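Numbering (the numbering used here), first residue to last: 161 to 264.
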């Protein structure tokens, strides 16, 4: 597996009470915020931390294989992977993440 590349994931946002919950289905990573932009920023950070941890413990290749996550050598075109049926109260957004992405 190449040391660097990109993965394409789908971010989901849904309102729960007064907060927006943000979830990345492919990684199983979630967080929340007071607004969609705040929740998205927190989810981007959580995804980076998740990927860095996988890299640090040497589990990235196994995790990607078990979860059918493809590592692209070049930046892919954003695309959505939507569940069926689509939930009306949920917003979806494609996200391209550089791997590994170091968090300061």
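Glycine included, every Cβ here is placed at the ideal spot set by N, Cα and C. Owing to the predicted nature of the structure, the values given are computational and were not obtained by experimental measurement.
Checklist entry - Under the DSSP definition of a beta bridge, which residues are partnered with residue 257? => result 167
Checklist entry - Should the region 252-261 be called in touch with the region 223-242, which here means at least 3 C-beta pairs below 8 Å? => result Output reads yes: the region 223-242 touches the region 252-261.
Item to check | Distance between residue 202 and residue 263 (C-alpha atoms, nearest Å) | outcome: The pLDDT assigned to residue 263 is 47, lower than 50, so where the model puts this residue is not dependable; a value taken from the coordinates is nonetheless given after this. In a straight line, the C-alpha of residue 263 is about 12 Å away from that of residue 202.
Checklist entry - What is the residue span of the beta strand (DSSP E) that residue 191 lies within? => result 189-193
Checklist entry - Over what stretch of residues does the beta strand (DSSP E) that includes residue 206 continue unbroken? => result Element bounds for residue 206: not the beta strand (DSSP E) but the alpha helix (DSSP H), 196-216.
Item to check | Through-space distance from residue 177 to residue 213, alpha-carbon basis | outcome: 31 Å
Item to check | Supposed close pair residue 231, residue 165 - CB separation, criterion 8 Å | outcome: With 8 Å as the limit, residue 231 and residue 165 qualify as a contact, their Cβ atoms being about 4 Å apart.
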